[in-house]
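Worksheet: the structure to be examined is printed underneath.
Here you go:
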C-alpha cells in the first residue's frame, strides 16, 4: 500500500482530492459553528472539536459505503413515468433533509426565536453532535461521489479527508 503513495499519479489525485475537501468542506465548518453556538459557552469548544472528529469519521465511513449506494440502480418506484432507484431516493432524501434543516435555521435566524434557542440549549451536546454527523454526511455526498469518480483507491480518498 505504501507504494501507492510513491506514485506521481497518486500525488496529483491526492492534491486534487485535498483541494476538493477544502473547498467543499467550508459549508460543513460553518454549519458546525452555527450548531455549536447554541450550546452553553463552556461546551462549545468541546462540541466543535468532537463534532469535527465525528464528521471526519462519518465521511470515512461514507467513502467505504458510497460504492454500494452508487450501485443501487434497480428501479424501485415509478411515478408518472419517472423511475426512481435506491440511489435516487437516498439523494432526494438527503437533499430534502438539507433543505428542511437550512430553512429551519434561516427562519430561526430571521425571527430571532428565543424560545427555539432555549430549547436547543436544553437539548444538549448529544443532539448537536447527532445533527453535525447527519448534516456532514449529506454535505459530504458531493465530494465523496466526485472522489469515487476520480479514483478507486480508497486509501487516497481517506488520506485526502485526513490531510
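Residue numbers (my numbering): 1023 to 1185. All residues carry an ideal CB built from backbone N, CA and C; glycine is no exception. These numbers come from a predicted model, not from an experiment.
Cβ distance (whole Å) where residue i is taken to contact residue j below 8 Å
i, j, result
"residue 1183", "residue 1031", "In fact, because the Cβ distance is near 19 Å, the residues do not count as touching under 8 Å."
"residue 1150", "residue 1069", "6 Å"
"residue 1047", "residue 1058", "With a Cβ gap of about 16 Å, residue 1047 and residue 1058 do not count as contacting."
"residue 1170", "residue 1114", "Not a contact, Cβ separation roughly 19 Å."
With 16 other Cβ atoms within 10 Å as the buried cut-off, status of residue i
i, result
"residue 1158", "buried"
"residue 1071", "exposed"
"residue 1166", "buried"
"residue 1124", "exposed"
"residue 1187", "Residue numbering for the chain in the displayed model covers 1023 to 1185; residue 1187 lies beyond these limits and cannot be assessed."
"residue 1152", "exposed"
"residue 1162", "buried"
"residue 1084", "buried"
"residue 1175", "buried"
"residue 1128", "exposed"
"residue 1178", "buried"
"residue 1024", "exposed"
"residue 1111", "exposed"
"residue 1061", "buried"
Residue i and residue j closer than 7 Å at C-beta
i, j, result
"residue 1082", "residue 1180", "yes"
"residue 980", "residue 1065", "A question about residue 980 goes unanswered here, because the residues of the chain that appear run from 1023 up to 1185."
"residue 1168", "residue 1035", "no"
"residue 1185", "residue 1040", "yes"
"residue 1120", "residue 1108", "no"
"residue 1105", "residue 1097", "yes"
Residue i CB to nearest heavy atom of the ligand ZN below 6 Å
i, result
"residue 1039", "Here there are no bound small molecules, and the ligand ZN is not part of this structure."
Item to check | beta strand (DSSP E) segments (min. 3 residues) lying fully within the stretch 1065–1145 | outcome: The DSSP assignment places 1097–1101 and 1104–1107 as complete runs of the beta strand (DSSP E) inside the stretch 1065–1145, in order along the chain (cut-off: 3 residues).
Checklist entry - Fully enclosed by the stretch 1142–1180, which alpha helix (DSSP H) runs are 4 residues long or longer? => result Those alpha helix (DSSP H) runs which fall completely within the stretch 1142–1180 and span 4+ residues are 1147–1172.
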